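Structure record follows, encoded as structure tokens.
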Amino acid sequence: MFFYLAKAVWFVLQPSTLIALLIGYGAILIWTGWARWGRRFVTIGAILLLVAGLSPLGNALIVPLEDRFPRADLDVPPPPTGIIILGGAEDRLVGSARKAPTLNEAGERLLEGAILAHRFPDAKIAFSGGDAGILYKADSEAEGAAALLTQLGVPRDRLILESDARDTYENAVFLKKELAAKGELDPSKRWLLITSAYHMPRSMGAFRAAGFTVEPWPVDYRTRGPEDAMRPFDKVSEGLRRVDVTSREWVGLLAYWITGRTDALFPGPEKD
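Numbering-wise (full-length UniProt numbering), the sequence shown opens with residue 1 and increments by one.
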């Protein structure tokens with residue numbers, strides 16, 4: 001129920017949708033007796049579109065997320081027992097139809113997983129990701145990830161695939177269950193978690209709430225760091241997309257905290 005409710009609520013609340021609704025509703029009112037309100041709605045929508053699309057807002061929202069967790073120190077022994085890759089890097093609807101890899105802008109999750117797999121040849125590679133589609137169903141991301149990772153030289157017998165998870169919390173809970181069943185979880189084992197840097201705070205919080213100790217290995221950075229917090233966009237579409245992505249993450253952190261799916265409102269590195 002949480003998954004479907006979250007999808008429905010976010011469809012309405014995401015900034016790009018709200019802006020479109022404001023402008024569209026205002027345009028309709030202009031041709032009625034409520035023309036004054038129509039002009040107001042259109043004006044507010046246009047201003048919000050310019051602010052979200054061209055101002056530094058999207059970068060200002062994503063920098064704190066990306067900088068929250070540094071990468072784990074892999075020079076400190078022991079080497080990783082396993083490497084976890086979260087789904088979200090593929091478009092399986094297109095990939096399954098075209099019979100070809102279809103990585104999106106988060107494709108570094110899989111590429112970095114393959115790189116680390118070669119760096120640590122004894123580590124298991126665990127992937128978690130099912131089919132999160134509602135209107136259009138496709139095969140699980142795990143199937144596409146397995147095909148791509150093996151083509152990148154990762155032996156099939158090193159892969160552990162979890163193909164039912166549809167969101168971050170389910171990634172943590174379902175993968176923990178899968179690894180426990182295979183005897184891959186105990187205090188002596190060291191697991192890395194690969195996901196997009198902006199998504200790492202919610203991911204770490206969800207894994208901690210599930211009782212699964214992991215170390216962060218963020219990828220897919222969208223900014224250089226704090227120096228980009230005030231950098232505007234030169235394309236409205238890119239700025240609006242960035243605001244949508246980051247707003248979803250901040251709202252997700254709040255929703256996960258309220259529902260007990262994360263261990264903190266804004267999870268951070270554990271203090272020694």
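No residue lacks a Cβ here, since even glycine has one placed at the ideal position from N, Cα and C. Being a predicted model, the structure only gives us computed values, none of them experimental.
Given 8 angstroms as the limit, is there contact between the region 110 to 117 and the region 146 to 156, that is, 3 or more CB pairs closer than that? yes
For P121, decide whether its Cβ has a neighbour in chain C, counting only Cβ atoms nearer than 8 angstroms. Absent here is chain C; the protein component of the structure consists of one chain.
Flag this pair as yes or no: are the beta carbons of S96 and D131 separated by less than 8 angstroms? For this step, residue 96 is matched to residue 96 along the sequence shown. For this step, residue 131 is matched to residue 131 along the sequence shown. It is not a contact, given that the beta carbons lie outside the stated cut-off.
How many Å lie between M204 and A60 at the Cα? Position 204 of the sequence shown, counting from 1, holds the residue named residue 204. Position 60 of the sequence shown, counting from 1, holds the residue named residue 60. Spanning the two alpha carbons is a distance of roughly 21 angstroms.
Buried or exposed for F11, going by 16 or more other Cβ atoms inside 10 Å? As a first step, residue 11 is located in the sequence shown; it is residue number 11 there, counting from the start. It counts as exposed.
Can you tell me which of T213, I85, I194, K124 puts its alpha carbon nearest to the alpha carbon of S163? Here residue 163 corresponds to residue number 163 of the sequence shown, with the count starting at 1. The residue with the shortest Cα to Cα distance from S163 is I85.
Just how far apart, CA to CA, sit R36 and A27? As a position in the sequence shown, residue 36 is number 36, starting the count at 1. As a position in the sequence shown, residue 27 is number 27, starting the count at 1. Approximately 11 angstroms, taken between the alpha carbons.
Considering just the uninterrupted stretch of the alpha helix (DSSP H) at P64, what are its terminal residues? In the sequence shown, the residue the question calls residue 64 occupies position 64. Here the alpha helix (DSSP H) through P64 covers 57 to 66.
If the criterion is Cβ atoms closer than 8 angstroms, does the pair K124 and G183 meet it? To locate residue 124, count along the sequence shown from 1; it is residue 124. To locate residue 183, count along the sequence shown from 1; it is residue 183. No, the Cβ-Cβ distance between K124 and G183 is not below 8 angstroms.
Give me the Cα-Cα distance between L48 and D122, rounded to the nearest whole angstrom. As a first step, residue 48 is located in the sequence shown; it is residue number 48 there, counting from the start. As a first step, residue 122 is located in the sequence shown; it is residue number 122 there, counting from the start. Distance between the alpha carbons of L48 and D122 is about 51 angstroms.
Identified DSSP bridge partners for A126: Counting from one through the sequence shown, the residue named residue 126 turns up at place 126. Per DSSP, I84, I160.
For the alpha helix (DSSP H) holding residue 273, just list the boundary residues, first then last. Coverage of the chain is limited to positions 1 through 272, which leaves residue 273 absent and any answer about it impossible.
Let's test the definition: count the other Cβ atoms within 10 Å of the Cβ of L161 and tell me whether it reaches 16, buried, or not, exposed. Within the sequence shown, the letter at position 161 stands for residue 161. The residue in question, L161, is buried, as its Cβ has 16 or more Cβ neighbours within 10 Å.
Buried or exposed (CB count within 10 angstroms, at least 16 for buried), V9: Reading the sequence shown from its first residue, position 9 is the one you call residue 9. With fewer than 16 other Cβ atoms within 10 Å, it is exposed.
From P101 to A146, what distance separates their C-alpha atoms? Counting from 1 along the sequence shown, the entry for residue 101 is found at position 101. Counting from 1 along the sequence shown, the entry for residue 146 is found at position 146. Cα to Cα, the separation comes out at about 11 angstroms.
Identify the residues that DSSP records as bridge partners of I194: which are they? Here residue 194 is taken as the residue at index 194 of the sequence shown, counted from 1. Note: I194 sits in a beta bridge opposite I85, W217.
Can you name the start and end residues of the alpha helix (DSSP H) that R231 belongs to? Here residue 231 refers to the residue found at position 231 when the sequence shown is read from its first residue. First-last for R231: undefined, no H or E at that position.
Extent of the continuous alpha helix (DSSP H) run through W31: Locating residue 31 in the sequence shown gives position 31, where the first residue counts as 1. No alpha helix (DSSP H) holds W31; DSSP gives it neither H nor E.
Check for me: the alpha helix (DSSP H) holding H199 runs from which residue to which? For this step, residue 199 is matched to residue 199 along the sequence shown. Per DSSP, H199 belongs to no alpha helix (DSSP H) and is neither H nor E.
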